[in-house]
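Single-structure report; data block below.
Residue numbers (the working numbering), protein chains in the order written: chain A, 2 to 160; chain B, 2 to 160; chain C, 2 to 160.
Shown next, in the form of structure tokens:
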């Protein structure tokens with residue numbers, strides 16, 4: 002039996018459009034039977050936040066970061082044409098028209114297809130994010146686990 | 002006969018400097034006899050737009066997107082120091098002085114070297130771009146074709 | 002004896018957080034005995050600048066670029082939440098609290114671990130940067146050398 006191909010994506014960006022690209026590639030690769038990992042670090046962690054506020058104890062700085070950063074996939078901005086939040090509304094409108102899946106559903110699809118979603122524990126610490134605040138079914142790991150996956154990989158991307 | 006190496010670049014960004022980096026790597030890889038694909042998605046599609054306005058039928062939103070986005074490679078902004086369009090002029094001045102090729106010529110060179118330039122059909126739909134508006138000699142494909150190339154690749158980059 | 006794995010990172014970005022991500026991955030890969038190269042191009046070159054001003058002869062434009070661009074790793078801004086320089090201070094404060102290494106030390110660690118740090122000579126020319134202005138122990142090369150490393154690589158990233 003042939004070895005399954007591996008696709009490993011670092012999602013560093015917290016932009017809606019970049020996260021979409023990451024998940025479209027991830028879901029495509031899973032459909033072609035790749036073993037797929039999306040490793041969320043820095044601002045990419047925000048795509049994994051639950052949309053509702055979660056009751057956790059935090060220091061002052063961590064609370065500040067928590068408030069400044071978007072809470073969940075549908076709150077992310079665009080990397081371009083983000084003027085006054087206009088761009089995201091526009092693109093979501095167009096996506097609906099073209100029956101493209103919104104980011105939250107792309108993430109759900111990924112989970113259904115057993116794409117491994119990993120949150121980088123080191124940057125969670127830096128940004129003051131706790132496990133309870135992130136989606137269920139996420140793995141927690143660091144750069145060593147990422148390198149383990151990536152160094153066996155066929156498609157490695159940093160987004 | 003040894004198998005040719007493959008370089009596959011996703012050009013997501015619509016920044017002049019990032020597109021330059023993508024095409025410099027693509028042309029370098031082609032010179033070393035790699036099979037090279039540049040897959041343009043989201044804002045990266047703007048690098049493939051014809052500089053002149055093309056007469057196509059569009060809805061209101063698609064027209065708006067078309068006007069908001071830069072028309073062709075030489076209209077792209079910089080990812081840094083883009084203040085009031087000053088940066089692009091400055092960098093093009095310096096490029097001329099150092100006899101570096103402008104982006105339009107990097108793209109022409111890529112086509113001459115048989116680098117495969119692909120436009121992502123899904124994001125063309127989203128941004129309301131039509132085939133007539135893009136350069137001649139472009140391929141049209143989706144994420145499946147990208148993954149086919151990338152999963153056999155030696156150098157895979159997301160830019 | 003098994004061949005050592007290769008990790009090759011293009012650092013294009015001049016953002017503090019992205020450079021951190023690049024060096025954390027580079028140092029991790031070196032710890033796992035990969036042969037690691039970080040190829041600095043465009044704004045990523047600023048991470049290699051010496052913090053103090055270096056006395057070199059430059060034309061007017063090159064002086065202007067030199068003044069506009071951050072001088073060294075600790076002067077870089079953030080890709081997100083960079084409002085009025087507030088973000089970088091905040092993140093450095095949090096990093097200290099969590100005993101995360103600042104970028105300058107991540108770069109030192111990389112050099113100690115024999116990560117090959119390369120400055121792209123073509124973009125040094127464009128941005129008017131000279132060897133004397135960059136850290137000691139840096140290699141100087143172009144896209145051909147990069148492709149030589151990358152095409153043998155296991156992990157290739159563009160950051």
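Beta carbons are placed, not taken as given, at the ideal position from N, Cα and C, and that holds for glycine.
Please list, in chain order, the residues of the stretch 10–33 of chain C that have any C-beta partner in chain A closer than 9 Å.
10, 18, 19, 21, 22, 23, 25, 26, 28, 29, 30, 32 and 33
Name, please, each residue of chain C whose Cβ falls closer than 7 Å to the Cβ of residue 144(A).
Locating residue 144(A) in the first chain gives position 143, counting from the first residue. Ordered by position in chain C, the residues that pass the 7 Å Cβ test against residue 144(A) are 25, 26 and 29.
I'd like to check one pair, residue 42(B) with residue 154(B): are the Cβ atoms closer than 8 Å?
Looking up residue 154(B) in the second chain gives position 153. Looking up residue 42(B) in the second chain gives position 41. Not a contact, by the Cβ cut-off of 8 Å.
Since residue 126(B) is in the alpha helix (DSSP H), which residue starts that stretch and which ends it?
Within the second chain, residue 126(B) is the residue found at index 125, counting from 1. Segment 122–128, the alpha helix (DSSP H) holding residue 126(B).
Just verifying my parser: in three-state terms, what is the DSSP assignment at residue 76(C)?
Position 75 of the third chain holds residue 76(C). Three-state DSSP puts residue 76(C) in a helix.
What residue range is occupied by the uninterrupted beta strand (DSSP E) comprising residue 52(A)?
Indexing the first chain from 1 puts residue 52(A) at position 51. Unbroken run through residue 52(A): none, as it is neither H nor E.
Okay, do the stretch 145–152 of chain A and the stretch 66–73 of chain A touch, 3+ Cβ pairs below 8 Å being the bar?
no
In the DSSP assignment, find the alpha helix (DSSP H) that holds residue 105(A) and state where it starts and stops.
Residue mapping note: residue 105(A) aligns to position 104 of the first chain, counting from 1. Residue 105(A) -> alpha helix (DSSP H) spans 104–113.
Any C-beta of chain A under 8 Å from that of residue 49(B)
The sequence position of residue 49(B) within the second chain is 48, counting from 1. Judged by the 8 Å Cβ criterion, residue 49(B) is not in contact with chain A.
If you pair each beta-carbon of the stretch 4–19 of chain B with each one of the stretch 73–80 of chain B, do three or more pairs fall below 8 Å?
yes
What's the call for residue 6(A), buried or exposed, on a 16-neighbour Cβ count within 10 Å?
Taking the first residue of the first chain as position 1, residue 6(A) is located at position 5. It is buried - the Cβ of residue 6(A) has at least 16 other Cβ atoms within 10 Å.
Taking the alpha-carbon of residue 124(C) as reference, which of 106(B), 114(B), 95(B) and 49(B) has the nearest alpha-carbon?
The residue given as residue 124(C) occupies position 123 in the third chain. For the residues 106(B), 114(B), 95(B) and 49(B), the minimum Cα distance to residue 124(C) belongs to 95(B).
Distance, Cα to Cα, residue 28(A) vs residue 110(C)?
Numbered from its first residue, the first chain carries residue 28(A) at position 27. Numbered from its first residue, the third chain carries residue 110(C) at position 109. Rounded to whole angstroms, residue 28(A) to residue 110(C) spans 36 Å at the Cα level.
Can you name the residues of chain C whose CB is closer than 7 Å to the CB of residue 160(B)?
Within the second chain, the letter at position 159 stands for residue 160(B). In chain order: 159.
Based on DSSP bridge pairs, tell me the residues matched to residue 157(B).
The count along the second chain starts at 1 and reaches residue 157(B) at position 156. BP columns for residue 157(B) point to 9(B).
Delimiting residues of the alpha helix (DSSP H) encompassing residue 40(C):
The residue labelled residue 40(C) in the question sits at position 39 within the third chain. It is not in any alpha helix (DSSP H) - residue 40(C) instead sits in the beta strand (DSSP E) that spans 36–41.
Out of 81(B), 11(B), 119(B) and 73(B), which one is the CA nearest neighbour of residue 104(B)?
Position 103 of the second chain, counting from 1, holds the residue named residue 104(B). Per the Cα distances, 73(B).
Members of the stretch 122–156 of chain B that neighbour chain A once the beta carbon cut-off is set at 9 Å
123, 124, 126, 127, 128, 129, 143, 144, 145, 147, 148, 149, 151, 152, 153 and 154
Residue 137(C) vs residue 118(C) beta-carbon contact at 8 Å:
Position 136 of the third chain, counting from 1, holds the residue named residue 137(C). Position 117 of the third chain, counting from 1, holds the residue named residue 118(C). No; because the gap between Cβ atoms is not below 8 Å, this pair is not in contact.
Return the CA-CA distance between residue 50(C) and residue 133(B), expressed in angstroms with no decimal places.
Within the third chain, the letter at position 49 stands for residue 50(C). Within the second chain, the letter at position 132 stands for residue 133(B). Roughly 45 Å separates the two Cα atoms.
Alpha carbon to alpha carbon, how far is residue 4(C) from residue 99(C)? Give it in angstroms, no decimals.
One-based indexing of the third chain puts residue 99(C) at position 98. One-based indexing of the third chain puts residue 4(C) at position 3. About 36 Å.
Could you name the residues of chain B that residue 39(A) contacts, counting a contact when the two beta carbons are closer than 8 Å?
Within the first chain, the letter at position 38 stands for residue 39(A). Simply none; closest approach about 13 Å.
Using a Cβ cut-off of 7 Å, pull out every chain A residue sitting near residue 95(C), in sequence order please.
Walking along the third chain from the start, residue 95(C) turns up at place 94. Ordered by position in chain A, the residues that pass the 7 Å Cβ test against residue 95(C) are 62 and 127.
In chain C, what lies closer than 9 Å to residue 117(B) by C-beta?
By 1-based counting over the second chain, the position of residue 117(B) is 116. In chain order: nothing, as chain C lies at least about 17 Å away.
Using 8 Å for Cβ pairs, my map puts residue 127(C) next to residue 101(B). What's the rounded Cβ distance?
Mapped onto the third chain, residue 127(C) falls at position 126. Mapped onto the second chain, residue 101(B) falls at position 100. Contact flag correct, Cβ pair sits at about 6 Å.
Can you tell me the Cα-Cα spacing of residue 32(B) and residue 57(A), whole angstroms?
Translated into the one-based positions of the second chain, residue 32(B) becomes position 31. Translated into the one-based positions of the first chain, residue 57(A) becomes position 56. Each residue's alpha carbon lies about 56 Å from the other.
List the residues of chain A whose Cβ lies closer than 7 Å to the Cβ of residue 6(C), in chain order.
In the third chain, the residue the question calls residue 6(C) occupies position 5. Per Cβ cutoff of 7 Å: 152.
DSSP state of residue 65(B) mapped onto helix, strand, coil:
The residue labelled residue 65(B) in the question sits at position 64 within the second chain. Residue state, collapsed to three classes: helix.
Which residue's Cα is closest to the Cα of residue 25(C): 129(C), 46(C), 108(C) and 53(C)?
Taking the first residue of the third chain as position 1, residue 25(C) is located at position 24. Per the Cα distances, 108(C).
Does residue 69(B) get closer than 8 Å to chain A when you measure Cβ to Cβ?
Your numbering for residue 69(B) matches position 68 in the second chain. By this cut-off, residue 69(B) is an interface position.
Return the first residue and the last residue of the alpha helix (DSSP H) that residue 18(C) is part of.
Taking the third chain and counting its residues from 1, one reaches residue 18(C) at position 17. Here the alpha helix (DSSP H) through residue 18(C) covers 17–32.
Do residue 122(A) and residue 142(A) come within 8 Å of each other at the CB atom, strictly closer than that value?
As a first step, residue 142(A) must be located in the first chain, where it is residue number 141. As a first step, residue 122(A) must be located in the first chain, where it is residue number 121. Going by C-beta atoms, residue 142(A) is nearer than 8 Å to residue 122(A).
Roughly how many angstroms separate the alpha carbons of residue 23(C) and residue 38(C), rounded to a whole number?
Translated into positions along the third chain, residue 23(C) becomes position 22. Translated into positions along the third chain, residue 38(C) becomes position 37. If I take the Cα positions, the gap works out to 11 Å.
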